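Student: Numbering (the working numbering), first residue to last: 521 to 1003.
(1) Is it buried or exposed, residue 649, if we count other Cβ atoms within 10 angstroms and call 16 or more buried?
(2) Ignore the nearest five residues each way along the sequence and tell me which others in residue 594's own chain have a CB closer than 6 Å to its CB.
(3) Near residue 895, what residues of its chain come up, given a Cβ to Cβ distance below 8 Å and the 5 sequence neighbours on each side ignored?
(4) Just curious, the alpha helix (DSSP H) that residue 671 is in, first and last residue?
(5) For the alpha helix (DSSP H) that contains residue 744, what are its first and last residues?
(6) Which residues mark the beginning and the end of the alpha helix (DSSP H) in which residue 867 is found?
(7) So what's residue 805 in DSSP terms, helix, strand or just coil?
(8) Given a cut-off of 8 Å, decide if residue 741 and residue 671 are closer than it, judged by their beta-carbon atoms.
(9) Could you tell me which of 996, 921, 930 and 905 sits nearest to residue 759, measuring between CA atoms?
(10) Give the DSSP bridge partners of residue 898, in chain order.
(11) On a Cα-Cα basis, can you pick out the residue from 950, 907, 878 and 943 that is closest to residue 929?
(12) Please confirm if the stretch 866 to 886 is in contact with the stretch 786 to 800, defined as three or more CB-CB distances below 8 Å between the two stretches.
(13) Per DSSP, residue 893 is paired with what?
(14) Roughly how many angstroms lie between the CA atoms of residue 492 and residue 724, to the nearest whole one?
(15) How about residue 808 and residue 900: do their beta carbons lie closer than 8 Å?
(16) Give me the Cα-Cα distance between residue 910 and residue 755, rounded to the nearest whole angstrom.
(17) Excluding the five sequence neighbours on either side, which residues of its own chain have a C-beta within less than 6 Å of the C-beta of residue 995, listed in chain order?
(18) According to DSSP, simplified to helix, strand and coil, what is residue 842?
(19) What's the C-alpha gap between residue 689 and residue 979?
(20) In the structure shown, what three-state DSSP assignment does residue 996 receive?
(21) Taking 8 Å as the threshold (C-beta atoms), are residue 757 and residue 678 in contact?
(22) DSSP three-state call for residue 559: helix, strand or coil?
(23) Out of 990, 858 and 765, which has the shortest C-alpha to C-alpha gap to residue 903?
(24) Put residue 482 into one of helix, strand or coil per three-state DSSP.
(25) Kindly list the residues whose CB is nearer than 6 Å to the CB of residue 977, restricted to its own chain and excluding five residues on each side of it in sequence; keep chain order.
(26) Chain D beta carbons: is any one of them nearer than 8 Å to that of residue 976?
(27) What is the rounded straight-line gap between the Cα of residue 751 and the Cα of residue 675?
(28) Nearest-angstrom Cα distance between residue 818 and residue 774?
(29) On the three-state DSSP scale, how would you describe residue 977?
(30) Between residue 692 and residue 744, what straight-line distance do the alpha-carbon atoms span, to the nearest angstrom?
(31) Does residue 1002 pass the burial test, meaning 16 or more other C-beta atoms within 10 Å, or should it be called exposed?
(32) Quick check: residue 727 and residue 700, are their CB atoms within less than 8 Å of each other?
(33) Compute the distance between the beta-carbons of residue 800 and residue 816, then report whether it is under 8 Å.
(34) Report yes if the CB atom of residue 772 is closer than 8 Å to the CB atom of residue 722, and no otherwise.
(35) Which residues in the same chain have their Cβ closer than 8 Å to the Cβ of residue 933, if we skip the five residues on either side of it in sequence?
(36) Give a yes or no on whether the C-beta atoms belonging to residue 673 and residue 738 are separated by under 8 Å.
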């Protein structure tokens, strides 16, 4: 009792019912409850009225307090009725329901929720070291697959956060020659089937088909990115996938237009893209977004010439063929000698492109191509994404209405069959061990920095794509000037 009186001179043994105040040390009557004087931070860090403590101990404030507060809170529950504390002498140091400054924190909603989910894709980073247990081989919880829609909490991004790059420095210029040379060697080291699996892995992560955490599912309200794409709060994911599709197409075109050597070198680059498209088609890897991006590169007007303007204009730029012709590339008729060399030197690849890949891509864009889980691991999402983002369907009115209905019908089936697509993709990737550098080279963030540099990567999307289309036009003119 002497120690208690010394700690609080204003408190006497004859006044046990007097209201107690928090002090810079300890409450006067907690010594017998097991609170040591050697832990002065325990109560200072929780300088709040004791009457505000809930009996359940589940207040979010308690979750952020030191572990020792749990024993204090449990001991206080037995004597809640005896403690009628006054207002604290100084403000609490821990976050309470009076929101602190959140200028460098997530939205204020997150301040009120314990263990706030992270809205950034955190299933895997883009750094070079590969985890021992691949996340794409993790077994999916059956309960998670059959979960019902819940109220979403935030928009989701499956793009991994920026991490140190294996191939690019912290600051890089657009189209660095040394990096382009390294990438060329990487793709030559891997056959088309291996590159297709690398692209399938990255596309599955970017779409939110594989590697989705429980926290991300709770945030978006559904279990897969394929379902999220069809919902109003999936706008951020839809825009990211559109940018990924267009960036991959530009990178593929650069692989051909960047060949400044002999004609056969460019023809070999075309053949490589055709073989990659064949490895991505249904029945093989089944990565239809990857297939659409590669075909977008092959049909781009700077690469394909007048024959590919209409198709490439619809898929790559979102414009009709007439708008593409009347706009930036009306005067461009490109690489006729290169395509002629492809037909002469690589006849099988040229025939596969004309007779198989082009009709397949046209059917997929019209919503009539193969989309059943089994032969397809990741469905073609670009038509549905563009439609939901407000782009008009090209073509005559009667045909555009039918195409619109087919696209919406396909989107419903895609969301319904998301668990089946997930199983097929996981089966295709079982036992696959990617090359870290090649895998990084296929990510959206890396390609963005490669094409526009570390500074230009943050420019508005429309401005970036318009400028790079001009760069490709200049490269194409240099390779085969107009006669």
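Glycine included, every Cβ here is placed at the ideal spot set by N, Cα and C.
All values reported here derive from a predicted model rather than from experimental measurement.
Tutor: Once the coordinates are examined:
(1) Any reading at residue 649 must be qualified, since the residue scores a pLDDT of 48, below 50, and its modelled position is unreliable; the value itself is stated next. So residue 649 ends up on the exposed side.
(2) Any reading at residue 594 must be qualified, since the residue scores a pLDDT of 46, below 50, and its modelled position is unreliable; no value is offered.
(3) Taking C-beta separations shorter than 8 Å and ignoring five residues to either side along the sequence, the partners of residue 895 in its chain run 802, 803 and 806, following chain order.
(4) For residue 671, there is no enclosing alpha helix (DSSP H), as DSSP gives it neither H nor E.
(5) Premise fails: residue 744 is in no alpha helix (DSSP H) and is neither H nor E.
(6) Looking at the DSSP string, the run of the alpha helix (DSSP H) that includes residue 867 is 867 to 872.
(7) coil
(8) yes
(9) Nearest of 996, 921, 930 and 905 to residue 759, Cα basis: 905.
(10) 807
(11) 907
(12) yes
(13) Answer is 896, bridged to residue 893.
(14) Here the chain comprises residues numbered 521 to 1003, so residue 492 is not present and cannot be evaluated.
(15) yes
(16) Approximately 11 Å, taken between the alpha carbons.
(17) 777
(18) The pLDDT assigned to residue 842 is 37, lower than 50, so where the model puts this residue is not dependable; a value taken from the coordinates is nonetheless given after this. Three-state DSSP puts residue 842 in a helix.
(19) 19 Å
(20) helix
(21) yes
(22) Summary for residue 559: the model assigns pLDDT 43, below 50, so the residue's position carries little reliability, and this model does not support an answer.
(23) 765
(24) An answer regarding residue 482 cannot be provided, because it is not within the stretch 521 to 1003 covered by the chain.
(25) 968 and 969
(26) No chain D is part of this structure, which consists of one protein chain only.
(27) 11 Å
(28) 10 Å
(29) DSSP places residue 977 outside both helix and strand once states are collapsed to three, so it counts as coil.
(30) 35 Å
(31) exposed
(32) no
(33) no
(34) In this structure, residue 722 does not lie closer than 8 Å to residue 772 by Cβ.
(35) Hits under 8 Å: 891.
(36) yes
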